[in-house]
Amino acid sequence: MKPVQELRALQELAEEYQRLGYTVIFEPSAALIPSFLGNYRPEMLATKDDEHLLFDVKLEGARDVDAFWRAVAEVQHHAGWKLSGITVPNVDLKVNTSGVLSDLDVDGLHQHLREIDLLSRDPQLRPVVLSRLWVVFTAALRLLAIQEGFERDGDADYERLVRACSNGLISNAECEEGRALMVLRNRVANGADAAVATEDCLQLRKMVQRTIDRIAPAEAPEAEQRVEA
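The opening residue of the sequence shown carries number 499 in the working numbering; numbering runs sequentially from there.
Next up, the structure:
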């Protein structure tokens with residue numbers, strides 16, 4: 499039986515691709531896997547038109563790394579096929595109804611960013627990337643608020659943004675950028691025909707990293723950790 503973390507990651511991935519119009523198959527049979535992959539069996543296949551996207555979803559340390567990279571190298575020679583590896587942190591991650599990750603530390607946030615960076619290589623997955631980045635961003639804001647002592651259970655995403663701004667942890671400009679990206683992310687999540695640009699994803703990716711850096715600054719003096727409005 500698959501670990502619950504893998505099952506949860508597969509379900510979330512499937513829902514995202516289904517929203518993008520892909521047909522998703524879990525544990526695809528040998529008949530659906532191209533012969534050039536031999537005995538390699540991915541966890542999920544997503545197809546749309548001439549696109550065939552394979553996903554290898556494994557807990558940390560559970561992947562046969564050599565076999566995976568051999569499969570990646572082989573797939574690159576065949577048009578219409580792609581293979582991505584998704585690594586799931588080997589901890590029990592809880593997700594509340596607002597989609598915010600909880601019980602997560604800085605290492606966990608970085609792990610999610612690495613997974614998102616793999617997806618960001620495909621321009622067609624920008625809505626997926628934006629949605630996932632937003633979840634990590636709100637998780638990082640929550641950790642920052644807990645660290646600074648002003649986290650409040652039940653805060654909606656925008657309330658958390660405003661509280662971080664009012665407490666000097668993000669600037670007014672960042673708060674407005676976050677609000678605009680939140681609106682775009684909500685349109686994507688609700689199935690609206692929203693155009694997500696590469697710049698949107700890059701901007702949110704930078705905001706996530708800056709927030710994580712404020713949670714665990716490398717060598718920044720304490721006086722520089724707060725942001726001037």
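We put the beta carbon where it would ideally sit given N, CA and C, even for glycine.
Since we're looking at a predicted model, the values are computed, not measured.
Check, Outcome
"Which one or two residues does DSSP pair with D554 in a beta bridge?", "G583"
"Please state if the CB of S629 and the CB of V706 are separated by a distance shorter than 9 angstroms.", "no"
"Does the segment 530-544 come into contact with the segment 638-656, if we say contact requires no fewer than three beta-carbon pairs (one atom in each stretch) closer than 8 angstroms?", "no"
"Does the Cβ-Cβ distance between L623 and T585 come in under 9 angstroms?", "no"
"Rounded to whole angstroms, what is the Cα-Cα separation between S664 and V633?", "21 angstroms"
"Mapping the DSSP letters down to three states, classify L616 as helix, strand or coil.", "helix"
"Hey, out of E675, R568 and V681, whose CA is closest to K704's CA?", "E675"
"With V563 as the anchor, note down where its alpha helix (DSSP H) starts and where it stops.", "V563 to V573"
"What residue from A528, I713 and T521 has the CA that sits closest to I644's CA?", "I713"
"Any idea which residues DSSP pairs T521 with across the strands?", "T545"
"What distance in whole Å lies between the Cβ atoms of L679 and Q701, which are believed to be in contact at a cut-off of 8 angstroms?", "7 angstroms"
"Could you check whether the segment 604-611 touches the segment 570-583, counting it as contact only if at least three pairs of C-beta atoms, one from each stretch, sit closer than 8 angstroms?", "no"
"Candidates H576, R539, K580 and I614: which alpha carbon is nearest D562's?", "R539"
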